[in-house]
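Colleague: This is the structure, below, for whatever I ask next.
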Amino acid sequence: MDSSQALLSHLFRQLFHHPACQRRSVSAIRGRQYHSIPRRPSARALSSYHPPRRRLHTTPTLRSHDSTEGIGWLPRNRLPGTDLSEEFKRYPLVTAAKLASREERPRMCKMLVRDYIDDALYNPHYGYFSKEAVIFNTEKPFKFPQIRDETAFHKDFTQQYKEFEDKLDAESPNNLRQLWHTPTELFRPYYGEAIARYLYENYVIDLYPEYDLIVYEMGAGNGTLMVNILDWLRDNVPDVYIRTQFKIIEISKRMVQQQLKSVERSGHLEHVEVIHSSMFDFSTYVANPCYFLALEVFDNFAHDMVRYDLQTQQPLQGYLMIDQEGEFHEFYTPELDPRTKRYLDLRRKIDNPEHDKMFSNVIAKSFTDTIRNSSAWNRLKWGLKNRIWFQENLTAPEFIPTRAMEFLELLNSRFPHHRLLMSDFDYLPDTVEGMNAPVVQTRYKRETIAVSQLFVHQGYFDILFPTDFVEIAKMYELLSGKFARVETHEKFMRSWAELSDTTTKSKENPLLTWYKNASVMYTH
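For the sequence shown, this note's numbering assigns the number 2 to the initial residue and increments by one for each residue that follows.
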């Protein structure tokens, strides 16, 4: 093991001994896939690096009348700490785009939380998807009709997962390998064939024969979905296949190389284009009608973080400041970033009772009293200013999907005649604190560990959010004027998959029963 690997191993040996980053229910998370199969909790004692301490700061305008001079500050352990308001004012504001050219993780700067997330996941030099992530794939598809039942499938899958990583370790041992899997890989080619049927049926009804079938896919992983779709079109509807163009937009150079290999092996080279670009840097105007696939993409879209003043309900913009020692500090200001303000303004136009209910729950968890009616809320507001523990009167954080909003806006401006098909998680277990909060997780020695804070060593942790499909669908309709429909993963697959291909001898169907916490949205 070289010196850098030894250093990282030492780093991770310390991490999971730290109280703020203790693993929570390892059995609930395995890779990036969540389903109803029970897991046996790992008995292995895991350890890792000591993370930068996270501190909470607000601007002076938010302080209680009886507080001391300087910037209001509330560390994780609720004890007094050093006033860093001058550093916050002095440090430059950076973005993920500015950090993309840097090979070292930033210090002595501040950034919006969405830029921290983008940098941690996508920085070309140290980002999670640029250096650590590997996607599991099977050598051969599972033959479900020959498998006894769902338990036997799970056992077979677990064994293949182990053998896959054994081969990787034989070539290059790595305790920090970030290995995960997707429904595309787990249920290939049947999952991709279901998507192909959806595309074909809708294309024939809406666009054939006036237009070619043009498909864009964002975040295509190994390129397996693309291959499965084109295989099905070639074998079943060759007249449509010859008119098909499949274009992948991929931010990761490493994934681009993998996708090109998949194209070369598949024989679909004349029908495929792989574009190495972030969707948010994609400047081509696509005038023709097309289908846009975004499967398990929204969960890694960066979010902004806001807290609310409990007395005024005013939203406060969250920032991350990184000091000269590399430690993390949260700051909040009443001046909202334009994207945050736009999202909140748009959301006010959307009727979403579920969001209102969740927001009430977040407020209730911000203090010991439970809010049950408006009179209780009013009594609580008046009493809060006497609470030393909550002297800044802020709720738990809310994570708002500003990147998802930006994606929908870009989709409508660059692909005005698109039809969107997206799928992602509508619920995730073991999230960090807050409303619409993410899971922050890593793998160490083949164990998946969820940690309890957002701000961690950039590049070694996946950060994935649940999607509020009701809110996203209504926002899409508001921005585009088009219709969006939301279905469960199971319902969509019942409509478009050949269910006999994934049914076991016991008549159980893992394609339907796994991914119970996933939904699908498609638009017209």
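The beta-carbon is built from N, C-alpha and C at its ideal position, and this holds for glycine as well.
Every value quoted in this text rests on a predicted model; they were computed, and no experiment measured them.
Is the segment 437-446 touching the segment 311-319 in the sense that three or more CB pairs, one from each, lie closer than 8 Å?
Modeller: Touching, no.
Colleague: Could you have a look at SER263 and say whether DSSP puts it in helix, strand or coil?
Modeller: As a first step, residue 263 is located in the sequence shown; it is residue number 262 there, counting from the start. Helix.
Colleague: Go through the segment 405-473 residue by residue and report every complete run of the beta strand (DSSP E) that reaches 3 residues or more, in order.
Modeller: Runs of the beta strand (DSSP E) inside the segment 405-473: 419-426, 440-445, 448-452 and 463-465.
Colleague: Cα separation between SER520 and HIS490?
Modeller: Here residue 520 refers to the residue found at position 519 of the sequence shown. Here residue 490 refers to the residue found at position 489 of the sequence shown. About 5 Å.
Colleague: Could you pull the DSSP bridge partners for PRO316 from this structure?
Modeller: By 1-based counting over the sequence shown, the position of residue 316 is 315. TYR309, per the DSSP bridge assignment.
Colleague: Cα separation between ILE72 and LEU429?
Modeller: On the sequence shown, residue 72 is found 71 positions in, with the first residue counted as 1. On the sequence shown, residue 429 is found 428 positions in, with the first residue counted as 1. With a pLDDT of 36 at ILE72, under the threshold of 50, the modelled position of that residue is not reliable, and the figure given next carries that caveat. Their Cα atoms are separated by approximately 35 Å.
Colleague: By the 10 Å Cβ neighbour count, where 16 or more other Cβ atoms means buried, how is LYS492 classified, buried or exposed?
Modeller: Counted from its first residue, the sequence shown places residue 492 at position 491. Exposed is the call here.
Colleague: Using 10 angstroms around the beta-carbon of ASN237, count the other beta-carbons present and answer buried if the total reaches 16, otherwise exposed.
Modeller: Translated into the one-based positions of the sequence shown, residue 237 becomes position 236. Result: exposed.
Colleague: Looking at the strands, I want to know which residues DSSP matches up with HIS126.
Modeller: Here residue 126 refers to the residue found at position 125 of the sequence shown. Answer by DSSP bridge pairing: none, since HIS126 is not bridged.
Colleague: Can you tell me the Cβ-Cβ gap for TYR333 and ARG308, rounded? I've got them flagged as a contact below 8 Å.
Modeller: Residue numbering aside, residue 333 sits at position 332 when the sequence shown is read from its first letter. Residue numbering aside, residue 308 sits at position 307 when the sequence shown is read from its first letter. TYR333 to ARG308, Cβ: 6 Å. Contact.
Colleague: Following the continuous beta strand (DSSP E) through ILE196, name the residue where it begins and the one where it ends.
Modeller: The sequence position of residue 196 within the sequence shown is 195, counting from 1. Note, ILE196: premise wrong, no beta strand (DSSP E); alpha helix (DSSP H) at 191-207.
Colleague: Under the three-state reduction of DSSP, which class applies to PHE188: helix, strand or coil?
Modeller: On the sequence shown, position 187 is the one that residue 188 refers to. DSSP places PHE188 in coil when its eight states are reduced to three.
Colleague: If contacts are defined as beta-carbon pairs under 8 Å, then LEU122 and ASN301 qualify, I think. What distance do you get, rounded to the angstrom?
Modeller: Stepping through the sequence shown from its first residue, residue 122 is reached at position 121. Stepping through the sequence shown from its first residue, residue 301 is reached at position 300. LEU122 to ASN301, Cβ: 6 Å. Contact.
Colleague: Answer with buried or exposed for VAL205, where buried requires no fewer than 16 other C-beta atoms within 10 angstroms of its C-beta.
Modeller: To locate residue 205, count along the sequence shown from 1; it is residue 204. So VAL205 counts as exposed.
Colleague: Locate the beta strand (DSSP E) running through SER279, then write down its first and last residues.
Modeller: Along the sequence shown, read from residue 1 onward, the residue named residue 279 stands at position 278. Segment: none, SER279 is in no beta strand (DSSP E) and carries neither H nor E.
Colleague: Tell me ARG486's beta-bridge partners as DSSP assigns them.
Modeller: The residue you call residue 486 lines up with position 485 of the sequence shown. Answer is TYR523.
Colleague: Compute the Euclidean distance between the alpha carbons of GLU88 and PRO467, then round it to the nearest angstrom.
Modeller: Mapped onto the sequence shown, residue 88 falls at position 87. Mapped onto the sequence shown, residue 467 falls at position 466. Taking the straight line from one Cα to the other gives about 34 Å.
Colleague: Give me the residue from ILE250, GLN258 and LEU465 with the minimum Cα distance to LEU412.
Modeller: Numbered from 1 along the sequence shown, position 411 holds the residue referred to as residue 412. Among ILE250, GLN258 and LEU465, the Cα nearest to that of LEU412 belongs to ILE250.
Colleague: So, at 6 Å on beta carbons, what are the nonlocal neighbours of PRO511 in its own chain, with the 5 sequence-adjacent residues on each side left out?
Modeller: Mapped onto the sequence shown, residue 511 falls at position 510. Taken in chain order, the residues that qualify are GLU151 and PHE154.
Colleague: Could you check how far apart the C-beta atoms of TRP497 and ALA195 are, in whole angstroms? I think they sit under 8 Å.
Modeller: On the sequence shown, position 496 is the one that residue 497 refers to. On the sequence shown, position 194 is the one that residue 195 refers to. Contact holds; Cβ gap of about 4 Å.
Colleague: For ALA134, does the three-state DSSP call read helix, strand or coil?
Modeller: What you label residue 134 is simply residue 133 of the sequence shown in a count that begins at 1. Correct three-state label for ALA134: strand.
Colleague: Tell me LYS530's beta-bridge partners as DSSP assigns them.
Modeller: Beyond the ends of the chain as shown, which are 2 and 525, falls residue 530; an answer cannot be given.
Colleague: Roughly how many angstroms lie between the CA atoms of LEU180 and PRO210, to the nearest whole one?
Modeller: Numbered from its first residue, the sequence shown carries residue 180 at position 179. Numbered from its first residue, the sequence shown carries residue 210 at position 209. Computed Cα separation, rounded: 42 Å.
Colleague: Could you tell me the alpha carbon to alpha carbon distance between MET406 and TYR344, rounded to whole angstroms?
Modeller: Numbered from its first residue, the sequence shown carries residue 406 at position 405. Numbered from its first residue, the sequence shown carries residue 344 at position 343. Near 7 Å, if we compare the C-alpha coordinates of TYR344 and MET406.
Colleague: Look at the alpha carbon of GLU271 and the alpha carbon of GLU336, and state the distance between them as a whole number of angstroms.
Modeller: Residue numbering aside, residue 271 sits at position 270 when the sequence shown is read from its first letter. Residue numbering aside, residue 336 sits at position 335 when the sequence shown is read from its first letter. In a straight line, the C-alpha of GLU271 is about 51 Å away from that of GLU336.
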